[in-house]
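Trainee: Let me give you the structure first, and then I'll get to my questions.
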Amino acid sequence: MTTPSNAVNGAFEPPRPAPAAALQPTRPFYWSVRRELFEYRSIYLAPLAISGVILLGFVFVLVRLPRTLQRAMAMEPMAQRHSLTQPFDFAAGLIMAAAFIISIFYALDSLYGERRDRSILFWKSLPVSDLTTVLAKASIPLLVLPVIAFAATFVVETIMLLFSSAVVAGSGFSVAEFWNRLELYRTMWGLAYHLVTVHMLWYAPLYCWLFLISAWSRRTPFLWAVLPPFAVVIFEKIAFHTAYFSNFLIYRFSGGREAMGSANGNVLDPEMHMTPGPFLTDPGLWLGLVFAAVFLFLAARLRRQRSPL
Amino acid sequence: MPCIEARGLRKAFGTTVALDGLDLRVEEGRILGLIGPNGAGKTTALNAILGLIPYDGQLRVLGRDPWVERERLMRDVSFIADVAVLPRWIRVSQAIEYVAGVHPRFDRTKAEAFLARTTIKSSSKVRELSKGMVAQLHLALVMAIDARLLVLDEPTLGLDILYRKQFYDSLLNDYYDRSRTIIVTTHQVEEIQHVITDLMFIDRGRIVFACNMEDFELRYVELTVKPDRLADARALKPIYERQVLGRSILLFDRADRQQLAALGELRTPGIADLFVAVISNQGGASHPANVQGSYEGVTR
Chain A
27 MTTPSNAVNG
37 AFEPPRPAPA
47 AALQPTRPFY
57 WSVRRELFEY
67 RSIYLAPLAI
77 SGVILLGFVF
87 VLVRLPRTLQ
97 RAMAMEPMAQ
107 RHSLTQPFDF
117 AAGLIMAAAF
127 IISIFYALDS
137 LYGERRDRSI
147 LFWKSLPVSD
157 LTTVLAKASI
167 PLLVLPVIAF
177 AATFVVETIM
187 LLFSSAVVAG
197 SGFSVAEFWN
207 RLELYRTMWG
217 LAYHLVTVHM
227 LWYAPLYCWL
237 FLISAWSRRT
247 PFLWAVLPPF
257 AVVIFEKIAF
267 HTAYFSNFLI
277 YRFSGGREAM
287 GSANGNVLDP
297 EMHMTPGPFL
307 TDPGLWLGLV
317 FAAVFLFLAA
327 RLRRQRSPL
Chain B
139 MPCIEARGLR
149 KAFGTTVALD
159 GLDLRVEEGR
169 ILGLIGPNGA
179 GKTTALNAIL
189 GLIPYDGQLR
199 VLGRDPWVER
209 ERLMRDVSFI
219 ADVAVLPRWI
229 RVSQAIEYVA
239 GVHPRFDRTK
249 AEAFLARTTI
259 KSSSKVRELS
269 KGMVAQLHLA
279 LVMAIDARLL
289 VLDEPTLGLD
299 ILYRKQFYDS
309 LLNDYYDRSR
319 TIIVTTHQVE
329 EIQHVITDLM
339 FIDRGRIVFA
349 CNMEDFELRY
359 VELTVKPDRL
369 ADARALKPIY
379 ERQVLGRSIL
389 LFDRADRQQL
399 AALGELRTPG
409 IADLFVAVIS
419 NQGGASHPAN
429 VQGSYEGVTR
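Heads up: the sequence lines are chains A and B, in that order.
Using our numbering, read the first sequence as starting at 27 and increasing by one per residue.
Using our numbering, read the second sequence as starting at 139 and increasing by one per residue.
Here it is in structure tokens:
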């Protein structure tokens, strides 16, 4: 895409700068994010592929749907809803899990990979600061992937809903009643809440730790990210016979309070577990965000200093 | 304002001293060839100039401290580190889009016009291009940036002779306009002899020789001496002597050409010949007095 400023510049005034373009501080950030999408195409291709697989699998759910409806009629409302929403929750969970896994691998590779293939020398030859680059990379797991996960889920579940509605109507049940029981907006709302609280805010220190290791390590960033915490766990176990650190890690990984506490284990059921008050007043959340910021800042410092591998 | 001014630049990696109090001054509009043996500190010096590594001592590039202001400086400076730094996954079109996106002084039409003269397709990925094509692509990107300083560190490393010739031709014909400054390091010194306006030799982290090319041609002369006049020639204090096919070739600095002409054939030496002379005369001493003098002469 030729920007207007560049086009004018190229056509009419040969050498001197285009001050208008220089004044937009968001441009380097925007293009740094675009560059990440150029390089790591799995950020959008993997959710797309997973969505395709889900829809393929849903064909079998559709075949069984009339029988499921029959059986659901006999159930009490709660169980009825559960049996109907199950494939929808499953789809959302699968896409979310894919986004999480991509985030982990992306965060571990990004700052290490550009040093390994020496392309960091090319990136650094352009007027983009290290902090801008690191923030653009951090925005992938913290912003871009949750948004992609939500959008993919929304599209997949809309398609699922339309096909199920057709089957429901075809087998003589009431479509309105089906939509009513399904309450899909609740799933979507629960998903959005879960993505923001758990994937963006609660996991932020986790991703940022991986970015830091990725910027720091000279080889095998995965081992450096995983082994030191593991060593601390072992040390604590042997020296003090306690498990505070491993409990802390499990708590952090499992998503904290917003990912637990649901009676039927369904994190996407908003009524069961949405507790924004306690979540926002949890010191663990804010401490985690402080650590995330420190990790990112250090990662930017390291990127400035580290030479190619 | 000089384009680059360094005073007492120092950089050590562990116990290895890469820059040992390097002094350097490059005026705007010059094309400087920075020549040195492996491990002399060329790349370290360039990395310091480009804000890629921290250093001790004073350094100003276009009036800025490169380590503190790399991002700002890179609007006016471009560099080609060596041929292999373009990411292999990027498409030609993506590279152009990205540089156009982040660089306020990138002229997209210029880059595309340059690429149109090559066989590079805009849909190709860098990994699909040959080494020479990657160099052409990188040069296209860099030449479309309206920079005041261009730094080329071994830009033609590993390229065949055709690409190397093309590379310098494009640089001179399509880019250099006497207001831009270019620094180039290379081991293929003979290729840049007629490209550069200034010459510096770097050894053990210091500039050991500096001279502009007009002075170079006036000052230095090489004499292929007639065998029977060798003693006479040696008496005129050549700075270096070497044997080629049984004949002695003597290198003189500021000698009387008429006097020398009587002793054999004269020609302007190659940069490589002078380089060998300067570096071997250095021997263990890191600080010969005459070198300091010639250095002062060049900075003017």
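The C-beta atom is built at its ideal place from N, Cα and C for all residues, glycine as well.
1) Report yes if the C-beta distance between Arg-213 of chain B and Arg-243 of chain B is below 8 Å; otherwise report no.
2) Give the residues from the stretch 223 to 246 of chain B that approach chain A closer than 8 Å (Cβ to any Cβ), ordered along the chain.
3) I'd like to confirm the pairing. Which residues does DSSP put opposite Val-289 of chain B in its beta bridges?
4) Met-212 of chain B CB to nearest chain A CB: under 8 Å?
5) If we call anything under 8 Å between Cβ atoms a contact, is Ile-187 of chain B one with His-241 of chain B?
6) Of all Cβ atoms in chain A, is any one closer than 8 Å to the Cβ of Phe-305 of chain B?
7) Where do the N-terminal and C-terminal ends of the alpha helix (DSSP H) with Pro-234 of chain A fall, by residue?
8) In chain A, what lies closer than 7 Å to Leu-386 of chain B by C-beta?
9) Tell me, please, whether the stretch 113 to 121 of chain A touches the stretch 181 to 197 of chain A by the rule of three or more beta-carbon pairs shorter than 8 Å.
10) So, is the C-beta of Ser-268 of chain B closer than 8 Å to a C-beta in chain A?
11) So, helix, strand or coil for Gln-420 of chain B, using DSSP?
12) Which of helix, strand or coil does DSSP assign to Ala-156 of chain B?
13) In its own chain, which residues sit with a C-beta less than 6 Å from the C-beta of Ala-178 of chain B, not counting the 5 before and 5 after it?
14) Rounded to the nearest angstrom, what separates Ser-200 of chain A and Thr-179 of chain A at their Cα positions?
15) Beta-carbon of Trp-57 of chain A versus every beta-carbon of chain B: anything under 8 Å?
16) Looking at the strands, I want to know which residues DSSP matches up with Thr-213 of chain A.
17) How about the stretch 190 to 202 of chain B and the stretch 123 to 138 of chain A: do they share at least three Cβ pairs that are nearer than 8 Å?
18) Could you tell me whether the Cβ atoms of Arg-141 of chain A and Arg-332 of chain A are closer together than 8 Å?
19) Please classify Trp-312 of chain A as buried or exposed, where buried requires at least 16 neighbouring CB atoms within 10 angstroms.
20) Specify, as a first and last residue, the run of the alpha helix (DSSP H) that Ser-386 of chain B falls within.
21) Is the shortest distance between the beta-carbon of Ala-289 of chain A and the beta-carbons of chain B less than 8 Å?
22) Report all residues from its chain with a CB closer than 8 Å to the CB of Glu-328 of chain B; omit the five preceding and five following residues, and keep chain order.
23) Considering only residues of the stretch 128 to 187 of chain A, which uninterrupted alpha helix (DSSP H) runs meet the minimum length of 4 residues and lie entirely inside it, listed in chain order?
24) Which of helix, strand or coil does DSSP assign to Val-206 of chain B?
25) Taking 8 Å as the threshold (beta carbon to beta carbon), is Tyr-314 of chain B in contact with chain A?
26) Run down chain A in chain order and give the residues with a C-beta less than 7 Å from the C-beta of Glu-209 of chain B.
27) At a Cβ threshold of 8 Å, is Gly-36 of chain A touching chain B?
28) Where does Asp-194 of chain B fall in DSSP's three states?
29) Return the Cβ separation of Ala-118 of chain A and Leu-217 of chain A in integer angstroms, given the expectation that the two are a contact with Cβ distance under 8 Å.
30) In whole angstroms, give me the CA-to-CA distance for Phe-252 of chain A and Ser-240 of chain A.
31) Spatial neighbours of Ala-133 of chain A within its chain, please: C-beta separation below 6 Å, excluding the five flanking residues on both sides.
32) Determine the direct distance from the alpha carbon of Gly-139 of chain A to that of Pro-254 of chain A, and round the result to whole angstroms.
33) Applying the 10 Å Cβ sphere with the 16-neighbour rule, what's the burial state of Ser-216 of chain B?
34) When you compare only the Cα positions, how much space is there between Leu-81 of chain A and Val-160 of chain A?
35) Could you tell me the distance, in whole angstroms, from the CA atom of Thr-336 of chain A to the CA atom of Pro-309 of chain A?
36) Chain B beta carbons: is any one of them nearer than 8 Å to that of Ala-47 of chain A?
Mentor: For this structure:
1) If you check the CB distance, Arg-213 of chain B and Arg-243 of chain B come in under 8 Å.
2) For chain A, the residues of the stretch 223 to 246 of chain B that bring a beta carbon within less than 8 Å of one of its beta carbons are Val-223, Leu-224, Pro-225, Arg-226, Trp-227, Ile-228, Arg-229, Gln-232, Glu-235, Tyr-236, Val-237, Ala-238, Gly-239, Val-240, His-241, Pro-242, Arg-243, Phe-244, Asp-245, Arg-246, in chain order.
3) Partner(s): B:Phe-217, B:Ile-321.
4) So, interface residue.
5) Going by C-beta atoms, Ile-187 of chain B is not nearer than 8 Å to His-241 of chain B.
6) For Phe-305 of chain B, the nearest beta carbon of chain A is not closer than 8 Å to its own beta carbon.
7) Before going on, a small fix: residue 234 of chain A reads as Cys here, not Pro. For Cys-234 of chain A, the enclosing alpha helix (DSSP H) starts and ends at 230 to 242.
8) Inspection of the sequence shows that residue 386 of chain B is occupied by Ser rather than by Leu. The contacting residues do not exist; Ser-386 of chain B stays about 45 Å from chain A at best.
9) Yes: the two stretches touch, three or more of their Cβ pairs being nearer than 8 Å.
10) Chain A contact via Cβ: absent.
11) Looking at Gln-420 of chain B - three-state DSSP - the assignment turns out to be helix.
12) Ala-156 of chain B: strand per DSSP, three-state reduction.
13) Ile-340, Asp-341.
14) The straight-line gap from Cα to Cα measures roughly 25 Å.
15) It does; some Cβ of chain B falls within 8 Å.
16) Its beta-bridge partners do not exist; DSSP assigns none.
17) Contact between the stretch 190 to 202 of chain B and the stretch 123 to 138 of chain A is not established, with fewer than three Cβ pairs separated by less than 8 Å.
18) Yes.
19) Burial call: exposed.
20) Counting along the chain, Ser-386 of chain B falls outside any alpha helix (DSSP H), though it belongs to the beta strand (DSSP E) covering 385 to 391.
21) In this predicted model, Ala-289 of chain A has a pLDDT of only 42, less than 50, meaning its place in the structure is not dependable enough to derive any value.
22) If you ignore the 5 residues before and after Glu-328 of chain B, its C-beta comes within less than 8 Å of the C-beta of Gly-408, Ile-409, Ala-410, all in its own chain and listed in chain order.
23) Listed in chain order, the complete alpha helix (DSSP H) runs (minimum 4 residues) inside the stretch 128 to 187 of chain A are 146 to 149, 156 to 165.
24) Here Val-206 of chain B sits in coil by DSSP.
25) Cβ-Cβ to chain A under 8 Å: no for Tyr-314 of chain B.
26) Close to Glu-209 of chain B, with beta-carbon spacing below 7 Å, are these residues of chain A in chain order: Pro-153, Val-154, Ser-155.
27) With a pLDDT of only 38 at Gly-36 of chain A, under the threshold of 50, the placement of this residue in the model should not be trusted; the figure read from the coordinates follows. Judged by the 8 Å Cβ criterion, Gly-36 of chain A is in contact with chain B.
28) Assigned with DSSP and collapsed to three states, Asp-194 of chain B falls in strand.
29) With 8 Å as the limit, Ala-118 of chain A and Leu-217 of chain A qualify as a contact, their Cβ atoms being about 5 Å apart.
30) Position check: residue 252 of chain A holds Val in this sequence, whereas Phe was assumed. Taking the Cα positions, Val-252 of chain A is about 12 Å away from Ser-240 of chain A.
31) If the five residues before and after Ala-133 of chain A are omitted, its C-beta is found closer than 6 Å to the C-beta atoms of Pro-167, Tyr-233, Leu-236, Phe-237, all from its own chain and listed in chain order.
32) Cα to Cα, Pro-254 of chain A sits roughly 21 Å from Gly-139 of chain A.
33) That one is buried.
34) Straight-line Cα distance between these residues: approximately 35 Å.
35) This structure cannot speak to residue 336 of chain A, because chain A is shown only from 27 to 335.
36) Unreliable placement is indicated for Ala-47 of chain A, whose pLDDT of 47 sits below 50; the coordinate value is still reported in the next sentence. Taking 8 Å as the threshold, the shortest C-beta distance from Ala-47 of chain A to chain B falls below it.
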